[in-house]
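Engineer: Chains as they are written, first to last, in the numbering used here: chain S, 1207 to 1473; chain E, 247 to 513; chain D, 73 to 407.
Backbone N, C-alpha and C define an ideal beta-carbon position, used for all residues, glycine too.
Bear in mind the structure is a predicted one, so any value in this text is a computation, not a measurement.
To start, I am sharing the structure in question, which I have written as structure tokens.
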Amino acid sequence: MKRKGFRFYFRIYRKILAQDLKSKMSYRADFIISTIGMIFTNIAGFVSFWILFRSFPEVNGWGYHEILFLYGFSLISLTPVQCFFDNNWSLRIYVYSGDFIKYCFRPINLFFYYQSEVFDVKGLGQLAFGLGTLIYSWNRIGLPLTPVMILKTVIFLITASLIMIAVMNAAAATCFWITNSFYVMDLALKFKDYARYPITIFSPFFRFIFTFLMPIAFIAYYPSLVILRPDEVPLLSWLSPLFGCAFFWLSYKFWMYGAMKYSGTGS
Amino acid sequence: MKIKRYFALTRAGILESFQYRLAMLVMIAGNLLYLTVVYFFWKAVYSSSGSDVVNGMTFSDTLIYLVLATALFNFMEMYTVWEIGRNIQSGKIVLDLLKPMRYRSYLFWSYSGTLATQFVFTFLPTFIIVCIATKGAVPLGTNLFYFVISVVMAVIINYAVDFMTGTICLYTESIWGINIMKQVIVLLLSGATIPVAFFPEGMKKAVGYMPFQSIYNTPLTILLNEKPDFTEVFKALGTQAFWCAALLILSSLFWKVSLRKITVNGG
Amino acid sequence: MSEIIEIKNISKEFKVLNRHEGLKGSFKDLFSRDYKIVHAVDNISMSISQGEIVGYLGPNGTGKSTTIKMMTGVLEPTSGEILVNGNVPYRDRAKNAQDIGVVFGQRSQLWWALPLVESFKLLKDIYQISDDSYNSIMKLYKSLVDIEPLLHKPVRQMSLGQRTLSDILAAFLHDPKIVFLDEPTIGLDVSMKSRIRALIHALNKEKNTTVILTTHDMGDVDALCRRIVIIDKGKMLYDNDIGHLKGFFGSYRTLKIRPSGDIKEQSEKLKNELDRFSAAVSVDNEWISVLINEEKAKVMEVLGEIQKLHDVRDMKLEEISTEDVIKKIYEEGVE
């Protein structure tokens, strides 16, 4: 048997993706309605944001446009999890019905095989909103547009995405133990909404939790410090790419552990 | 006895939700954590604003409002749209339609068990904790009585809206898209995420003509009103009653018309 | 013959919560730590040779699928050894998966929205099947079944029978050493059942693939298996030739006769008259059935005796069916 390296998986993913897109075209009405739904979600998010900041012009020393920057940043970092890991939402259904077992018989990585099955185009709409917001607030704050800044932004966006993926993986994997992981995933999504605000609003205890246990502070706050407050970047911000990889790896292990444990019990 | 068979459904629902004990513990813990986040966020917002009362609401008013809104949401969310949508797609709806009760009632009472468990395990504890934690900021008087009436009507309105949205699934396969649109609109315009008091004037007026604020804003405003003014309360309850009746009739008509259309087409 | 599967004394235990009844009971369960151990599989050994078709039988929920899961590497046995094509399945699931194919009667493993041929192409990449082998197996498929109309049809639009057929073809695509078929004919009509059986038979012949077949349909067993393994409550009940199984109980045959006169009355008489043959007499609306143990009495003797005493208008002789034998084993076990 040939070794299955990155190129093998990349080729498989590309093929599955192409097929998936082709078949999506056959559900055009669904695609349009879902896209509208996604746009609605984003608009509603902005409206709430706007209503809130009409009454409160700043939070903990962070101004309107800075918070807007965090908002855009978190929207972009949500894109990969939405596009590539959306099958996590179906996991509890496969587990509940016992259909999950069918993923266990292929000679490739179980996690990869499961996630590869769905590519969610809607995530791209989110990306557009996020990019728009980020560029707008970037201009209003008057950040310089240098290659270094762009590189930093890209690296830290990737970091934030990894964290977001890790959080959702872990949340989805809880269904291997508690059957209905929907609440957990829903909760994780709700927390993500608060990841847009500076972590300094929390008490030290919760700051610890949101940094090390449920790492939502890495989704927008720590990474954006590097760009927004270059003079007061804490060590944690610089370490966040490392944390991103570590949390992703941990969530992967957790997911796989659950899958192996589960497949024994379901009939 | 006719009512007896409905309560049989309630009981089955309670039994089923007990089966997932870990899920319940996670839900309760997750909720507490979420409420803590809400608390810190608004504390930071209020402390940066420099004034104690914003838009006629104090920090503790806003907090109680939002915490109870979350609790109300958890207790009222019945995933009706998903249920109907999935039943339609799997064809199970044909079996449900054959049951000797109206589909709308059948669905509601099947879920009522969870409703009851949710009320006891999420809403009640939250309410008690809020009462104790805010040290008497929740007025305990006749307003409680009006609140209960208001919540009952809110449940009915919410269910009618859900049922109508679910009916749309007879026409399209896109459950996700339909559901997310409904959820986003209801949560924003009902004042579940931000109290209606914070809305700008024009928006407040527009929302006043819609049924959504009867779901969250009306019961919670009634609860927070220390000295309920009769005309005011009755106006609010009257509006709710109007929407109750209107939406029940509307959803029932919509369902009948759609069903006829579907049975003619042969599904 | 080489042994492709070697199982030595494997057992699997699960811990399950003791549930209580009623509203109060289930409230108690919320806090209960009252677990019990269930022995899903209890000390089972067997070895299976390359190219065999083995019928793996047993009532529902008796450990069949647990054993299959252990053989496919999804589940680790609590104790005992298991070797599949020289590999320990659970230790290297992916490597083991390359050697096996799995079909679940009601759960398609194909990509739901894709036409069958696209699923095949993806599997070709996933299992790293060479162009030559792919082409030759497709040629084989085309000679065995009318596959053309299926190839360009999305799986979700197929009938259950077409889907099962496709799933079986997909399972054999990478030329696995062993294929596990879990109730492949469940829910299918008679003609589809026989097409599926013919396909499995042909593929087994052509590729010398070992087939492990779980089923509740004795038609599958009769058509395909020479050897059957029966387990019940996690324990092995029977592992031998299907012919031997029949011999086991097969000294039994049923003689059916239709005498003139009232059938109920005649059967009452027969009961006494045939007492010395220790044959069991039963009756329905049309026939009197006489179950004869051939070790104790010859069928011809019994028939001769009956003819002497009664006016027999019609008769037929029935072998005991596999289904009856299995039923007997489930009910009585093997001594």
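1) Locate the alpha helix (DSSP H) running through V1373/S, then write down its first and last residues.
2) Helix, strand or coil, according to DSSP, for M1231/S in the structure here?
3) With a cut-off of 8 Å, does the C-beta of Y1389/S fall near any C-beta of chain E?
4) Pick out whichever of L317/D, I116/D and N159/D has its Cα sitting closest to the Cα of I76/D.
5) So, at 8 Å on beta carbons, what are the nonlocal neighbours of I268/D in its own chain, with the 5 sequence-adjacent residues on each side left out?
6) The alpha helix (DSSP H) that contains H288/D, what's its start and end?
7) Give a yes or no on whether 8 Å exceeds the smallest Cβ distance from G337/E to chain S.
8) Taking 8 Å as the threshold (beta carbon to beta carbon), is Q1225/S in contact with chain D?
9) What are the uninterrupted segments assigned as alpha helix (DSSP H) that are 4 or more residues long and contained completely in the stretch 293-354 of chain D, given in chain order?
10) Can you confirm whether Y199/D, when its beta carbon is compared against all beta carbons of chain S, has any partner nearer than 8 Å?
11) In whole angstroms, what is the alpha-carbon distance linking I1222/S and E1323/S?
12) How many angstroms separate the CA atom of T406/E from the CA atom of L1445/S?
13) Of the residues that make up the stretch 232-243 of chain D, which ones have a beta carbon closer than 8 Å to any beta carbon in chain S?
14) Would you identify the three-state DSSP class for E373/D, choosing helix, strand or coil?
15) By the 10 Å Cβ neighbour count, where 16 or more other Cβ atoms means buried, how is T388/E classified, buried or exposed?
16) Exposed or buried, what is R165/D when buried is set at 16 or more other beta-carbons lying within 10 Å of its beta-carbon?
17) Please work out which residues of its chain come closer than 7 Å, Cβ to Cβ, to A487/E, disregarding the five sequence neighbours upstream and downstream, and give them in chain order.
18) Is C1289/S close to chain D? Criterion is C-beta to C-beta, closer than 8 Å.
19) So R1312/S contacts chain A; which residues on that side make the cut at Cβ distance below 7 Å?
20) Exposed or buried, which one is G512/E when buried takes at least 16 other CB atoms within 10 Å?
21) So, helix, strand or coil for D1236/S, using DSSP?
22) In this structure, does DSSP put R348/E in helix, strand or coil?
23) Under 8 Å between the Cβ atoms of K1175/S and V1327/S?
24) Go to F252/D, then tell me how far its alpha helix (DSSP H) extends in each direction, as first and last residue.
25) So does the stretch 1266-1275 of chain S actually touch the stretch 1305-1317 of chain S, counting three or more Cβ pairs closer than 8 Å?
26) In angstroms, rounded to a whole number, what distance separates the CA positions of K1208/S and T1352/S?
27) Compare the beta carbon distance of T1365/S and L1281/S with 8 Å and say whether it is the shorter of the two.
28) Confirm, please, whether the CB-CB distance from V432/E to V376/E is below 8 Å.
29) Can you give the Cα-Cα distance for M1462/S and A1378/S, rounded to whole angstroms?
30) List the residues of chain S whose Cβ lies closer than 7 Å to the Cβ of T144/D, in chain order.
31) Name the residues in the stretch 1229-1260 of chain S whose C-beta lies less than 7 Å from a C-beta of chain D; which are they?
32) Quick check: L493/E and I424/E, are their CB atoms within less than 8 Å of each other?
33) Does the beta-carbon of F252/D have 16 or more other beta-carbons within 10 angstroms, so that it is buried, or is it exposed?
34) Note down, in chain order, each residue of its chain lying with its Cβ closer than 7 Å to the Cβ of V174/D, except the 5 sequence neighbours on either side.
35) Using a cut-off of 9 Å between C-beta atoms, extract the partners of N1266/S located in chain E.
36) With a cut-off of 8 Å, does the C-beta of V174/D fall near any C-beta of chain S?
Structural biologist: Put simply:
1) Looking at the DSSP string, the run of the alpha helix (DSSP H) that includes V1373/S is P1353 to A1379.
2) Collapsing the DSSP output to three states places M1231/S in a helix.
3) Output row for Y1389/S: interface = yes.
4) The residue with the shortest Cα to Cα distance from I76/D is N159/D.
5) Correct list, in chain order: G233, T236, L237, I240, P256, T257 and L260.
6) Judged by DSSP secondary structure, H288/D falls outside any alpha helix (DSSP H); it is assigned neither H nor E.
7) Answer no: the Cβ-Cβ gap between G337/E and chain S never drops below 8 Å.
8) Contact of Q1225/S with chain D is assigned, a C-beta pair being separated by under 8 Å.
9) Taken in chain order, the complete alpha helix (DSSP H) segments of 4 residues or longer contained in the stretch 293-354 of chain D are 314-322 and 335-345.
10) Closer than 8 Å: yes.
11) Going by the C-alpha atoms only, they are around 7 Å apart.
12) It should be pointed out that residue 406/E corresponds to Ala in this sequence rather than to Thr. Distance between the alpha carbons of A406/E and L1445/S: 50 Å.
13) Listed in sequence order: no entries.
14) For E373/D, the three-state secondary structure derived from DSSP is helix.
15) By the 10 Å Cβ count, T388/E comes out exposed.
16) The residue is buried, with at least 16 neighbouring Cβ atoms inside 10 Å.
17) Cβ neighbours of A487/E beyond the five flanking positions: M399.
18) It does not: the Cβ of C1289/S has no partner Cβ on chain D nearer than 8 Å.
19) Here the protein chains are S, E and D, and chain A is not one of them.
20) Caution applies to G512/E, whose pLDDT of 47 falls short of 50 and renders its modelled position unreliable; the value that the coordinates give is listed next. Exposed is the call here.
21) Helix.
22) Note: R348/E maps to coil in three-state DSSP.
23) The structure shown has nothing for residue 1175/S, since chain S only spans 1207 to 1473.
24) For F252/D, no alpha helix (DSSP H) segment is defined; the enclosing uninterrupted segment is the beta strand (DSSP E) at I250 to D254.
25) No: the two stretches stay apart, fewer than three of their Cβ pairs being nearer than 8 Å.
26) For K1208/S, the pLDDT reaches just 48, beneath the cut-off of 50, and the residue's location in the model is therefore unreliable, although a value from the coordinates is still provided. A straight line joining the alpha-carbon of K1208/S with that of T1352/S spans about 45 Å.
27) Going by beta carbons, T1365/S and L1281/S fall outside the 8 Å limit.
28) The answer is no: Cβ separation not under 8 Å.
29) Rounded to whole angstroms, the separation of the alpha carbons of A1378/S and M1462/S is 11 Å.
30) Contact note: T144/D reaches chain S through F1311, using a C-beta cutoff of 7 Å and chain order.
31) Residues are counted here when their Cβ sits less than 7 Å from a Cβ of chain D; for the stretch 1229-1260 of chain S these are S1229, given in chain order.
32) No, the Cβ-Cβ distance between L493/E and I424/E is not below 8 Å.
33) Buried.
34) T144, A243 and F252.
35) Those are A290, V291, S293 and S294, listed as they occur along chain E.
36) True, the Cβ-Cβ gap to chain S drops below 8 Å.
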